[in-house]
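Just so we're aligned, residue 106 is where the sequence shown starts under our numbering, counting upward by one. For each residue, glycine too, the CB sits at the ideal point set by N, CA and C.
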Amino acid sequence: MGALPGVDADAIRRNLASVRTAIAAACQHVGREPGSVRLVAVSKTHPPAAAQVVVDAGTVELAENRVSELLAKQPRVDDAVWHFVGRLQRRKARDLVGRGVLIHGCDRRSLADELSFRAGEAGTIQRVLVQVNVGADPAKAGPSLPDAAELVAYARDLPNLAVEGLMTIPPRPPDGADPNEAARPHFAALRALRDELRTEWPEVTHLSMGMSADLRAAVEEGATLVRVGTAIFGERGRTAWQPLRGGTP
Ligand SMILES: *Cc1c(COP(=O)(O)O)cnc(C)c1O
C-alpha cells in the first residue's frame, strides 16, 4: 500500500500529529493562538520521500543544515517551503540565494555582506534571521546578546537583505537537567531582545527557537518558528542524504 523503501510513513505521520498536539498544548497553556507557531520539519539525513510524507500531511516547511543536501532535496520534494538552519560558509552563500530559502543563521557581518552581494547579483532580496548566541556558548555561532543589535542594524542596512527576526540554539543542558527548563531563560532572553528591536524595526518579528527536546518551553516563551527533526522523523542517520548512492529515493 504505497510502501516507500526505508521510510515508515505511518510512523512519521503519527509523530507529526504528536508534535502538533504538543505545540497546541503549549500554546493553550500560555494563551497563544496555535496558528502563531509555524512548525519547520528538519529533514537532514532523511530521504526526500520521508520529507514528502510530512509535506503531504500538511507541514510544508522543511529545513536542512547543509547546502548540498538542501540543493539535492529541493527538486525532489513537491510543494515544500525551505529553510536553511546550518552554519553557512561564505563561499556557499551564492548557491543558496535566489531559491526562496529563509536562512536562519546570519551570524556575522562577513556572511551578511556576502549574502547581500549575491542577492544583488541574483536580482533578489534574501530573507534572513540573525543568529544570536544567547548562552554565550563558545561552541555556538552568532553574537552574544549584548552584541546582537549591532549585527541586526548592520544587516538590515545592507541593500539586498531582509532581516525578519532572530534565531537561537541554546547551550546543551547540563546532564540530568530538564531540557525545557534549562533552555527557558535563553528563549525568554531572545524574546526580550526581539521585543526591544521590534519597537524600532517592526520587520524583526520571527523567533526561531525550540527543537525536539525543548519545544514546549520555546512555544511558551514565544517561538514563531520551531525546528523539529528527531521527534518527527526519528533518529538521524550519521551522514547527509545524497542522490545517486543507490539508497532510498
Ligand atoms: C538538527 C537541527 C534541529 C532539529 O533538531 P532535533 O533535536 O532533531 O529536533 C533544529 N535546529 C537546528 C539548527 C538543527 O541543526
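Beta-ladder partner(s) of residue i, from DSSP
i	result
H357	Examination of residue 357 is not possible in this model, given that the chain is present from 106 through 354 alone.
I117	Paired residues: none, contrary to the question.
H151	Bridge partners of H151: none, in fact.
I208	F189, V233
A146	L167, V333
Host beta strand (DSSP E) of residue i (start-end)
i	result
H291	Here H291 belongs to no beta strand (DSSP E); instead the alpha helix (DSSP H) covers 284 to 305.
A168	166 to 169
Close-in-space but distant-in-sequence residues of the same chain around residue i (CB under 7 Å, 5 per side omitted)
i	result
Q347	A177
M106	Because M106 carries a pLDDT of 45, less than 50, the predicted location of this residue cannot be relied on, and no value is offered for it.
E174	K149, A345, W346
Nearest residue (CA-CA) to residue i, options the options
i	options	result
P279	M314, T273, A288	A288
I117	P153, R143, C132, P139	P153
T229	D300, L263, T304	L263
G214	R261, E340, D184	A small fix is needed here, since residue 214 is Arg in this sequence, not Gly. Selected option, being the one with the closest Cα: R261.
V309	A322, A282, A114, L256	L256
E326	L302, R341, L298, V159	L298
Q179	G140, H151, R196	H151
G210	V159, P276, T335, N170	N170
P290	A267, V324, L302	V324
G205	G163, T304, A227	A227
R196	D184, L216, A162	L216
A241	R277, G225, S141	R277
A328	G140, D115, V112, W187	G140
A253	E305, F292, V235, V268	V235
R303	A318, A258, R341, Q231	A258
F292	V135, L193, D319	D319
P275	E305, A244, R192	A244
Unbroken alpha helix (DSSP H) run spanning residue i, endpoints
i	result
R214	214 to 227
D252	250 to 262
Q340	The residue you asked about is not Gln; residue 340 is Glu in the sequence shown. Where E340 is concerned, there is no enclosing alpha helix (DSSP H), given that its DSSP letter is neither H nor E.
E138	E138 -> no alpha helix (DSSP H), and no H or E assigned at all.
V172	172 to 178
R199	198 to 201
V324	320 to 325
Same chain, Cβ closer than 6 Å to residue i, five either side skipped, listed in chain order
i	result
L330	R143, V145, H311, S313
A198	E219, L220, R223
Q157	V182
M316	R332
Proximity of residue i and residue j at Cβ, strictly below 7 Å
i	j	result
L250	T273	no
A322	N265	no
A168	V147	yes
V239	L271	no
D283	A246	no
A336	V124	yes
V172	L201	yes
V190	V233	no
V160	A185	yes
Sequence-distant residues of its chain with Cβ nearer than 8 Å to residue i (five each side left out)
i	result
E138	C132
R343	T150
E340	none
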